[in-house]
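According to the working numbering, the sequence shown is numbered sequentially starting from 545.
We put the CB at the ideal spot given by N, CA and C, even for glycine.
Computed from a predicted structure; not experimentally measured.
Taking it in order: structure first as structure tokens, then the write-up.
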Amino acid sequence: MLGSAIELVAGVGRRPVRGAERSGVGGCGANRSSEGCVHKRCRHLLLTLTVAAIAGCGRSPPPPAPTARTPAAAVAAVTPNPLDAKAVATQLAAEPSPPPVDLPHPGVEPLPPVVATARRKVVAALRQARLALDAGRIDERDLGVIDAASTTGAAPASPVVTPADALALYRGVLASEPRNTLAAKGIDDVLAALAARARSALAHEDVSDAQRDVDRIAALRGDFPGLAPLRDEMAKAWRVAGLNERGRRLEMTGAWIEPVTNNAAAAYRQALRLDPDSDAAKAGLDRVEGVFIARALAAANSAHYPDAEKALALALRVRAGSPTLDAARRSVLAIRQRHAQLLASQADAALDAGDADRAEPLLERIEFAMPGSPLIAKVRERIKNTRLYGRHLPGQVFSDGLSAGGRGPDMVVLPVGSFRMGSADSDAGHDANESPQRPITFAHGFAMARTDVTVEQYGRFVKATKYRTDAQRRGSSMVYDDSQGKLVARDGVDWRDDYLGNPAVPQMPVLHVSWNDAQAYTIWLSSQSARLYRLPSEAEFEYALRAGSTGVYPWPDTAPPKDIGNLAGNDPSPGGRKWGDKFADYADGYWGPAPVARFKANAFGLYDMVGNVAQWTQDCWHDNYRRAPADASAWVNPGCVERVVRGASWASAPTQARSAWRSRHGADESSARIGFRVVREL
């Protein structure tokens, strides 16, 4: 297979046989043989077809495709430092030249015998000689192409003459009339035509044909003025042809660039130093370079990137600064980029499904395909976020569809992080139940409802389940009595009422719900969304309340900034009452709870974490944090009857607005100061 491929490539760039060329004036004429007619416009196609055949010959099977777990060393080897093209060019220019092959000389052809022209036919012979010369029939080597038009049935372009060539006719006339000036001038024209034909043959690297014409000139007139330069050109042409022949033979043995001093590429390069216009040498370098380029492209298409880089490095040793090699490098890079993009798309699909384990090996393959690609950081970040936040991103707001129709509460994804839970002994307002202070780290993200559950949202649950709250079963709940200035039990109050016991508007936070009632809502929400909803743990609530703050309060100073939340301040009650224990010089416009999201959100995008209503958490009550879980999970004991309430309400004293403040309430209690919000696991 290799021999056949090399033979095919070796024909590219050869000129046709001399006789065949003359009928077509240098083109692929009607009488040119199919074997000899390889026009320049055909060469690229032949080279393309043949390089692929050469590239596969003698090669060992390709290495296996990279596995999901590619060793770091293999990844590092993907993109070796590129060879310095200038250094390679200098090295190639200084390399020794292989000796040319001694090509057989065509031998000197004797002049044909002269047949003297009869005197009565001299004029006709001179006319016939001129017609023959004008038609390109110089000597007997052109007789095979006379009257080509008549053989095809087309009208001849010139008068049909007898099969004779100009040289024989002019010599015949001179044999009869040695002083015939027209015949002598004709011989000069023949010599000039022979010289022109020899130079044309040299230009097309038909050395044997050129040599025959030079020998004919020397035999006719040894003192012809253009003979000496032609002989010099012939000497160089024979050496160039010998080098090209050596290159062709070395190609057939697979010695493309090795051994260093005797390889095909070196022979072709030396030929080009002698004759920069040698098409045969250029085509030879194209073929040798094409062997390694084809290997590089095949390796890249098979994801064998180290092999592709090695093949490109070998191609550089053929011809430094080659535009073909530059294009091949761009092609290999494009293949790697496309492969990396495909792998990134597959990784994105896995991550869209929340499958970080399936995306992880794809990331390694992207790094193998395109080290340094921006895709690597993008996919790595997505894998990290998926492991931390599932299909979501920190700060993302979303809501889940419910099977009964509509959507659940708006949730925001909280970023993972760490904080110190509780308060230090030295903190103002510190209570023993807030210690010992301990670090909490979130290894996985979670989502929290942006607002407290509203009357409207809770009403959808009650309507769908016919649920009866603890207040409804008990028949009463705690409301604010403005005449007494305190919370009192009132009959007939339930989740549908506000803090005064009047019907509540839909966007108010739901009140008069116990821990049991809040828990029932989370169970329903989970069943409706096929996602796990629950009450926040104490640690989650404090982390969300602080939102990155580390002081006593969720805000930097002891005095709350304007519009931080609904707190006990200077706002009067409907009956004109004032708070005794309050934040001085603070007013928020509300006595009693405000509709949700009336104040600005905190750094995590959560509304009403500061004030408005206190909120149920998942945890059972414990008097302190000794033996509490080391992580952010809820501290729950089977059968506990008291649960933890966190956060300030509209009626809380300043000390109760601290980030670490906590209180205890029975799981069946309800009042006008306590509501809840939900957490959704990711």
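Collapsing the DSSP output to three states places S744 in a helix. One alpha carbon belongs to P1139, the other to A1211, and they sit about 25 Å apart. Under a 10 Å Cβ-count criterion, N1114 is classified as exposed, with fewer than 16 other Cβ atoms of the shown protein chains found around its own Cβ.
DSSP places D901 in the uninterrupted alpha helix (DSSP H) bounded by 900-913. Sorting G1155, A1158, D1026, S1203 by C-alpha distance to the C-alpha of P1116 places D1026 at the top.
Counting only runs of 4+ residues, the alpha helix (DSSP H) found wholly inside the region 738-826 occupies 751-764, 771-796, 808-818, in chain order. Going by C-alpha positions, V1180 is about 14 Å away from V1189.
Here DSSP, grouped into helix, strand and coil, assigns P1047 to strand.
A991 sits away from V835, with the two beta carbons spaced by 8 Å or more.
DSSP lists no beta-bridge partner residue for Q890. Taken through DSSP and simplified to helix, strand or coil, Q672 comes out as helix. Residue T1066 holds the alpha-carbon nearest to the alpha-carbon of F1005 among N1168, K928, S1093, T1066. In this structure, the straight-line span from the alpha carbon of Y849 to that of N806 is close to 29 Å. In this structure, Y1097 and L1111 do not form a Cβ contact; the two beta carbons are roughly 10 Å apart against a cut-off of 8 Å. Distance between I927 and A891, taken at the CA atoms: about 9 Å. The straight-line gap separating the alpha-carbon atoms of H748 and A921 is approximately 56 Å. With respect to L937, V957 sits close: the two C-beta atoms are nearer than 8 Å. With distances taken between CA atoms, G1119 lies nearest to G1136 out of G1136, K1126, N1146. In this structure, L818 lies near R783, with their beta-carbon atoms less than 8 Å apart.
Looking at the DSSP output, D1025 sits in a beta bridge with K1030. Note that the C-beta distance between A727 and L738 is not below 8 Å. Assignment of I920 by DSSP, reduced to helix, strand and coil, places it in the helix class. Comparing alpha carbon positions, the residue from D944, R793, G730, D1175 closest to A987 is D1175. In this structure Q1072 is buried. Its beta-carbon is surrounded by 16 or more other beta-carbon atoms within 10 angstroms.
In the DSSP assignment, P1104 forms no beta bridge with any residue. Rounded to the nearest whole angstrom, the CA to CA distance from R793 to L670 is 49 Å. Residue burial annotation: C1164 is buried, with at least 16 other C-beta atoms found within 10 angstroms of its C-beta. Distance from the CA atom of R874 to the CA atom of K780, rounded to whole angstroms, is 38 Å. Counting only residues of its own chain and dropping the five nearest sequence neighbours on each side, R760 has a CB closer than 6 Å to the CB of L738. Here the C-alpha atom of P650 lies approximately 15 Å from the C-alpha atom of R775.
Per DSSP, reduced to three states, the secondary structure at S962 is strand. Comparing C-alpha distances from A893 to each of A1088, L906, D1035 shows the shortest one belongs to L906.
A residue is called buried when at least 16 other Cβ atoms come within 10 angstroms of its Cβ; R839 meets this threshold and is buried. Pairwise C-beta distances place the region 1183-1203 out of contact with the region 1033-1042, as fewer than three of them are shorter than 8 Å. Here G934 is near L1226, since their CB atoms are less than 8 Å apart. Looking at the backbone, the Cα of E911 and that of A1088 are separated by about 37 Å.
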